[in-house]
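For the sequence shown, UniProt numbering gives the first residue as 1, with consecutive numbering after it.
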Amino acid sequence: MDEWQLINQLQTFLVGKRYIFVMDDIWDIRTWEVIKCAFMDSHPESRLIITTRIVDVATKACGIYNMEELSNDNSEILFYTRTCGGEGLNSSNQHVEVTNKILKKCGGVPLAIITIASLLVGKQSEDWSKVYDAIGFGHEDSEVVQNTRKILSFSYYDLPSHLKTCLLYLSMFPEDSFIEKNSLIWKWVSDGFVPDRSFQLGESYFSMLVNRSMIRWIDDSDYVGGQSGCRVHDMVLDLIHTISNEVNFVTVHDMEHHGTCLGGKSTNKVRRLAVHGKSGEHNCSIAMEHVRSFNVVECSANSIPLLLSFKVLRVLVIEDCVFSEGSSLEHLGKLVQLRYLGLVKTAVKIPEGIGHDLKFLEILDVRGGLISELPASVGELMNLRCLWADQGTVMKGEIGKLKYLEELQLYSVEKCPNLFTEVGKLTNLRVLKIYFGEIEESAGKSLMESLCNMQKIHNLMIVDDDRGAKYSVVVNHSLEDFAPCTKLFELLLPIIVIPRVPSWINQLTVPLLSHLCLHVDAVEVRDVQTIGRLPSLLVLFLWSTDDNNISYTFGSNVFHKMRWLWTKKIKIAVGEGALPMLERMLYSASAERKDAASLVPWGRNSCLLLKYVICYLDCTNSSYREVEEAKQALMQASGTRPNAVYLDLDIEEENYDEEAGKFIDNLEWILCGLDRPKDVGRPAAYQEERTRRMIRSLERRLHDAAEPRVGRYGQQEIRGLVTKFKSWLHDHAGTDQDEGGQ
Numbered sequence: 001m002d003e004w005q006l007i008n009q010l011q012t013f014l015v016g017k018r019y020i021f022v023m024d025d026i027w028d029i030r031t032w033e034v035i036k037c038a039f040m041d042s043h044p045e046s047r048l049i050i051t052t053r054i055v056d057v058a059t060k061a062c063g064i065y066n067m068e069e070l071s072n073d074n075s076e077i078l079f080y081t082r083t084c085g086g087e088g089l090n091s092s093n094q095h096v097e098v099t100n101k102i103l104k105k106c107g108g109v110p111l112a113i114i115t116i117a118s119l120l121v122g123k124q125s126e127d128w129s130k131v132y133d134a135i136g137f138g139h140e141d142s143e144v145v146q147n148t149r150k151i152l153s154f155s156y157y158d159l160p161s162h163l164k165t166c167l168l169y170l171s172m173f174p175e176d177s178f179i180e181k182n183s184l185i186w187k188w189v190s191d192g193f194v195p196d197r198s199f200q201l202g203e204s205y206f207s208m209l210v211n212r213s214m215i216r217w218i219d220d221s222d223y224v225g226g227q228s229g230c231r232v233h234d235m236v237l238d239l240i241h242t243i244s245n246e247v248n249f250v251t252v253h254d255m256e257h258h259g260t261c262l263g264g265k266s267t268n269k270v271r272r273l274a275v276h277g278k279s280g281e282h283n284c285s286i287a288m289e290h291v292r293s294f295n296v297v298e299c300s301a302n303s304i305p306l307l308l309s310f311k312v313l314r315v316l317v318i319e320d321c322v323f324s325e326g327s328s329l330e331h332l333g334k335l336v337q338l339r340y341l342g343l344v345k346t347a348v349k350i351p352e353g354i355g356h357d358l359k360f361l362e363i364l365d366v367r368g369g370l371i372s373e374l375p376a377s378v379g380e381l382m383n384l385r386c387l388w389a390d391q392g393t394v395m396k397g398e399i400g401k402l403k404y405l406e407e408l409q410l411y412s413v414e415k416c417p418n419l420f421t422e423v424g425k426l427t428n429l430r431v432l433k434i435y436f437g438e439i440e441e442s443a444g445k446s447l448m449e450s451l452c453n454m455q456k457i458h459n460l461m462i463v464d465d466d467r468g469a470k471y472s473v474v475v476n477h478s479l480e481d482f483a484p485c486t487k488l489f490e491l492l493l494p495i496i497v498i499p500r501v502p503s504w505i506n507q508l509t510v511p512l513l514s515h516l517c518l519h520v521d522a523v524e525v526r527d528v529q530t531i532g533r534l535p536s537l538l539v540l541f542l543w544s545t546d547d548n549n550i551s552y553t554f555g556s557n558v559f560h561k562m563r564w565l566w567t568k569k570i571k572i573a574v575g576e577g578a579l580p581m582l583e584r585m586l587y588s589a590s591a592e593r594k595d596a597a598s599l600v601p602w603g604r605n606s607c608l609l610l611k612y613v614i615c616y617l618d619c620t621n622s623s624y625r626e627v628e629e630a631k632q633a634l635m636q637a638s639g640t641r642p643n644a645v646y647l648d649l650d651i652e653e654e655n656y657d658e659e660a661g662k663f664i665d666n667l668e669w670i671l672c673g674l675d676r677p678k679d680v681g682r683p684a685a686y687q688e689e690r691t692r693r694m695i696r697s698l699e700r701r702l703h704d705a706a707e708p709r710v711g712r713y714g715q716q717e718i719r720g721l722v723t724k725f726k727s728w729l730h731d732h733a734g735t736d737q738d739e740g741g742q
């Protein structure tokens, strides 16, 4: 029976039936295309579930549910169920310590847990320890290693050759480390793994490895400045270490693993060398003349060979290493073939002549803030394609000559000579991230004019560098002349106030835009509607400076993918079924609007995935009691949702004084009864001395500030209340004495 006969037979059998089918481990799109033919005319209430390691297959099929790794508790349940029939789950036993170590190695992957657990059935506790010891580096002939390797080896050998090379390169990194996506791709490019030295092609390689589940995608880019990258599962790392060792691809000198050298069968021709560890000198004797990539992490300067010993080095990464104060990288200029230089979280001085010596340098990464300045000659690195620096590092030279620059990240840019005009010459920029402490309006305008020359930009971020109070620069530039490419996916301009939302922000011009932050003089309803149609939008910060707030209700036909929303001076409401993917919301509300319907924008059947809310509660002209009632209404509204929501309240009126506001509210309450003293009585809750102290505090506020406010009370109102209450206290005290004398 061929496949089409089987399809016809299955279709006949399923006519009129409700069913649920589970198909495990679909490996390619063609297989899925054939399988789905059998279920074309299915009962509307039937379901077909498939599992796959290939993201492209899942995307073709239908909606995707990403399976997370098992939690520690569930990993234990699965492990003990297989090894002990469930025994040991609720009791302490001699296997606990080694079990925890084994499960850490398995990393929540069910197949790995079951495979290893199957090998432990009926074994004594000392054998369990041997299993753990065998799972790590070495012991290639161990039965356990061979069995666990089978879990992943098929996936590895199914990769095309260029992806195998890129995956093996990950054995350079320490276990459990976060590997940033862009820096990894640039290392691939620098080491010659990517044809035509194309970053975009390298990016596609990264995506393929994620889609094949060989690396685990980590995305923290939901917030401003977040990073995306990957981690390598422990068992995958063990596999690629073993293969790398067999083919002499990478040699690892790891002090965490007894200072052993893990590499090719001969150390005479080491191609790539990684040194990991926290101790002093390493004794691994390796000739450096053939080394193309050298990574050293968390080591002392003694762990770094003399740079003169490298003859063909292309990638040099020194990360989180300790040098003596004032140290410089001697002989760095002799590494004439160097393409990638990473000095991350490492305090060392860069030689002044770097720009004249390293003519082929393409990537310079000095993030971590421990290098105080970049020499002026960096502006002479004509082949530089990527320059990354963090807060604390100042660029002394001009950058306008770096015509091949694709990525630029700089802090303290107000100290960089002519940066705001120089950046306009960098027409090949794909990524621009600049941070500054303060900037004049004229410089801001120059910067915005320079942006209009960037036709290839994919990622644009201009933010403050967190050194002081938040501020904004108002520029009379609408960005209408900026013609971005269709690949623009991130536009973050929170501190640049522009007159209006640019008309090119629409689904046709920027269909891939996923992160958008704009600070606009006046936002119109049609602007929000247009933004809502962007098909890829995940994060939206939309802030208005106009006090005449617009009102906007989110409907179910827009913002289908948005996960994070932050609005300012926009009155928002969320309709039934709207914002289905929203997880975080930041919005403003007035404490004067005390009912939940006015304070809470979402309904019971909207924002069903909402987890975290920040409400900026405007307490201007509000009394303490009104603020408390507003807080209570917000807490009650968040507590009635079907899913738990973490609610954080932020008081926005800077002159709002909770204690003083509470006291004045009570003054007002007492003074309301002055005409009926028998009904009010003496304010027993406020001892006379405490009352007088508070009055003196309020009087000092009146004296020290030109226009003091407490809640909704201004200077004259506070003075009037204090005077009236002091008089009332005096009269009331006299009444007490009269009554006591009778």
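Backbone N, C-alpha and C define an ideal beta-carbon position, used for all residues, glycine too.
Unbroken alpha helix (DSSP H) run spanning residue i, endpoints
| i | result |
| --- | --- |
| serine 503 | That residue, serine 503, is in no alpha helix (DSSP H); it is neither H nor E in DSSP. |
| methionine 448 | 441-451 |
| glutamine 11 | 3-14 |
| isoleucine 354 | 354-357 |
Reference residue i, options the options, closest by Cα
| i | options | result |
| --- | --- | --- |
| tryptophan 388 | Ser536, Glu180, Leu273, Met454 | Glu180 |
| lysine 445 | Cys619, Arg30, Gly424, Ile399 | Gly424 |
| asparagine 557 | Val501, Asn66, Gly577 | Gly577 |
| lysine 345 | Arg272, His331, Cys321, Glu330 | Cys321 |
| glycine 575 | Asp547, Asn453, Leu608 | Leu608 |
| glutamine 124 | Gln227, Thr99, His276 | Thr99 |
| valine 463 | Leu516, Ala287, Ser71 | Leu516 |
| lysine 334 | Ile318, Leu313, Asp547 | Leu313 |
| leucine 370 | Leu338, Ile318, Glu352 | Ile318 |
| tryptophan 504 | Phe541, Cys452, Asp465, Ala522 | Cys452 |
| lysine 569 | Leu579, Val523, Ser377 | Val523 |
| isoleucine 434 | Val378, Pro494, Val348 | Pro494 |
DSSP beta-bridge partners of residue i
| i | result |
| --- | --- |
| cysteine 230 | Ile179, Trp217 |
| cysteine 517 | Leu492, Phe541 |
| glutamate 407 | Cys386, Val431 |
| threonine 52 | Bridge partners of threonine 52: none, in fact. |
| glycine 342 | Val317, Asp365 |
| methionine 395 | Leu374 |
| threonine 553 | Ala573 |
| residue 743 | It is not possible to answer for residue 743, since the shown part of the chain is limited to 1 through 742. |
| threonine 349 | The displayed chain sequence assigns lysine, not threonine, to residue 349. BP columns for lysine 349 point to Ser328. |
| isoleucine 498 | Val520 |
| asparagine 295 | Ala274, Val317 |
Buried versus exposed call for residue i [16 or more other C-beta atoms within 10 Å across all chains shown]
| i | result |
| --- | --- |
| histidine 356 | exposed |
| threonine 12 | exposed |
| residue 748 | Residue 748 is absent from the structure shown; the chain starts at 1 and stops at 742. |
| residue 765 | Because the chain in this structure spans residues 1 to 742, residue 765 falls outside the shown range and cannot be described. |
| lysine 17 | exposed |
| asparagine 245 | buried |
| threonine 83 | buried |
| alanine 637 | buried |
| glycine 229 | buried |
| cysteine 619 | buried |
| aspartate 238 | buried |
| aspartate 365 | buried |
Proximity test, residue i beta-carbon vs the ligand PLP heavy atom, cut-off 7 Å
| i | result |
| --- | --- |
| glycine 444 | You won't find the ligand PLP in this model; it holds no ligand whatsoever. |
Unbroken beta strand (DSSP E) run spanning residue i, endpoints
| i | result |
| --- | --- |
| phenylalanine 420 | Per DSSP, phenylalanine 420 belongs to no beta strand (DSSP E); it is in the alpha helix (DSSP H), 419-422. |
| arginine 272 | 272-276 |
| lysine 36 | Premise fails: lysine 36 lies in the alpha helix (DSSP H), 29-36, not in any beta strand (DSSP E). |
| methionine 461 | 459-464 |
| cysteine 615 | 612-618 |
| asparagine 211 | Taken as a continuous stretch (DSSP letters only), asparagine 211 belongs to no beta strand (DSSP E), being part of the alpha helix (DSSP H) at 199-211. |
is_contact[residue i, chain D] using C-beta, thresh 8 Å
| i | result |
| --- | --- |
| cysteine 452 | Absent from the structure is chain D; it holds one protein chain and no more. |
*Is it true that the stretch 189-200 meets the stretch 316-325, where meeting means three or more beta-carbon pairs spaced less than 8 Å apart?*
Proximity of the stretch 189-200 to the stretch 316-325 falls short of the contact definition, fewer than three beta-carbon pairs being nearer than 8 Å.
*Do the stretch 165-180 and the stretch 9-21 meet, that is, are 3 or more Cβ pairs less than 8 Å apart?*
No: the two stretches stay apart, fewer than three of their Cβ pairs being nearer than 8 Å.
*Count the CB pairs spanning the stretch 413-422 and the stretch 394-404 that are closer than 8 Å, and state whether there are at least three.*
The stretch 413-422 is in contact with the stretch 394-404.
*Would you call the stretch 152-164 and the stretch 359-370 touching, i.e. three or more CB-CB distances under 8 Å?*
Counting Cβ pairs under 8 Å, fewer than three are found: no touch.
*Just checking, does the stretch 245-254 make contact with the stretch 197-205 on the three C-beta pairs under 8 Å criterion?*
Too few Cβ pairs lie closer than 8 Å, so no.
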